[in-house]
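Chemist:
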Amino acid sequence: MSDSKRTILVTGFDPFGGEPVNPAFEAVKLLPDDIAGATVVGLEIPTAFTRSAQVVEEAIERERPDWVLCVGQAGGRAAITVERVAINLAEASIPDNDGEQPFDAPLREDGDTAYFATLPVKAMVRNINDHGIPAAVSYTAGTYVCNAIMYHVLYLLDRRFPGVKGGFIHVPYAVEQGVGKSAATPTMAVATMAKALEYAIEAIVHDETGAKGHDGGSSAAGTIC
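First residue of the sequence shown? That's 869 in our numbering, and the numbers climb one at a time after it.
#1: Comparing alpha-carbon positions, which option in A1052, G880, Y1007 and V1073 lies nearest T949?
#2: Please classify I962 as buried or exposed, where buried requires at least 16 other C-beta atoms within 10 Å of its C-beta.
#3: Taking buried to mean at least 16 other C-beta atoms within 10 Å of its own C-beta, is G967 buried or exposed?
#4: Work out the CA separation of N965 and G886 for me, nearest whole Å.
#5: Return the residue from the list F881, S872, P1040 and E925 that minimises the CA-CA distance to D1026.
#6: List in chain order: all unbroken alpha helix (DSSP H) runs of 4+ residues lying wholly within the stretch 911-953.
#7: Looking at A1059 and L899, is the spacing between their C-beta atoms short of 8 Å?
#8: Considering F1036, what are the terminal residues of the alpha helix (DSSP H) in which it resides?
#9: Within the chosen definition, does the stretch 978-996 reach the stretch 950-960 through at least 3 CB pairs nearer than 8 Å?
#10: Taking the continuous alpha helix (DSSP H) assigned at A1003, which residues delimit it?
#11: For H1082, collect the residues of the same chain with a Cβ closer than 8 Å to its Cβ; drop the 5 residues on either side in sequence, then sort them by chain order.
#12: Relative to the C-alpha of V881, which residue among I928, G940 and D934 is closest?
#13: Reducing DSSP to helix, strand and coil, say where G1046 ends up.
#14: Relative to the C-alpha of R945, which residue among T1055, A1016, V909 and I996 is closest?
#15: Could you tell me the alpha carbon to alpha carbon distance between L957 and T986, rounded to whole angstroms?
#16: Sort out for me which residues DSSP pairs V1146 with in a bridge.
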């Protein structure tokens, strides 16, 4: 890293699966321009297996960030979940926004079986929880576009952008998305999600120890992008 001001690229998906909004990018839009002395660059990306990777790769080339944090929706989860690992598998139960629906397909033919997040996952969870917002480590990002972009980013950072760290956070449904769903469906205010992302980024900027440490709990998979 250089002595100049550091930058974090934060991405959020557009709506998918018939939902009117995607709380991931709605939360990203609420982030301040500066968090803990780092410049925040927000970016909306398509919920599409192929195009999302292309858009993020172009943004990394353009912005030359120190960190890349991708954010997606995990409908059915009640807490903010910070993902620990992405797997080299694309398996879609519904088509993405470009109509692509891969099944049992590798994301990268020359990629590793899995990549672990290189952001301080457990410090991120701890800082979110310390500010009164429920958060946990997750050990599955699914097999849809959320897992795909996490995998593609970590692949690119490993192969093309050494020294840049990356990871992924899932957020629950927004409150307004609960309308028409089961009364038991968990939701969270987008403003709360945005504060959780802010606390996660604080931990990223201040903690360079990696992903090890107390995990703050774990989460099962829900309906995730």
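A virtual CB, placed ideally from N, CA and C, is assigned to each residue, including glycine.
For clarity, every value in this text was computed on a predicted model and none was experimentally measured.
Modeler: In brief:
#1: Y1007
#2: With fewer than 16 neighbouring CB atoms inside 10 Å of its own CB, I962 falls in the exposed class.
#3: exposed
#4: 10 Å
#5: E925
#6: If we require 4 residues or more, the alpha helix (DSSP H) runs fully inside the stretch 911-953 come out as 917-931.
#7: no
#8: Judged by DSSP secondary structure, F1036 falls outside any alpha helix (DSSP H) and instead within the beta strand (DSSP E) spanning K1033 to V1039.
#9: yes
#10: Here A1003 belongs to no alpha helix (DSSP H); instead the beta strand (DSSP E) covers A1003 to S1006.
#11: In this prediction, H1082 has a pLDDT of 45, which is less than 50 and means its spatial position is unreliable; what the coordinates show is noted afterwards. Answer for H1082: K990 and R994, listed in chain order.
#12: Per the sequence shown, residue 881 should be read as Phe rather than Val. Selected option, being the one with the closest Cα: G940.
#13: helix
#14: T1055
#15: 19 Å
#16: Because residue 1146 is not part of the residues shown, which for the chain are 869 to 1093, the question remains open.
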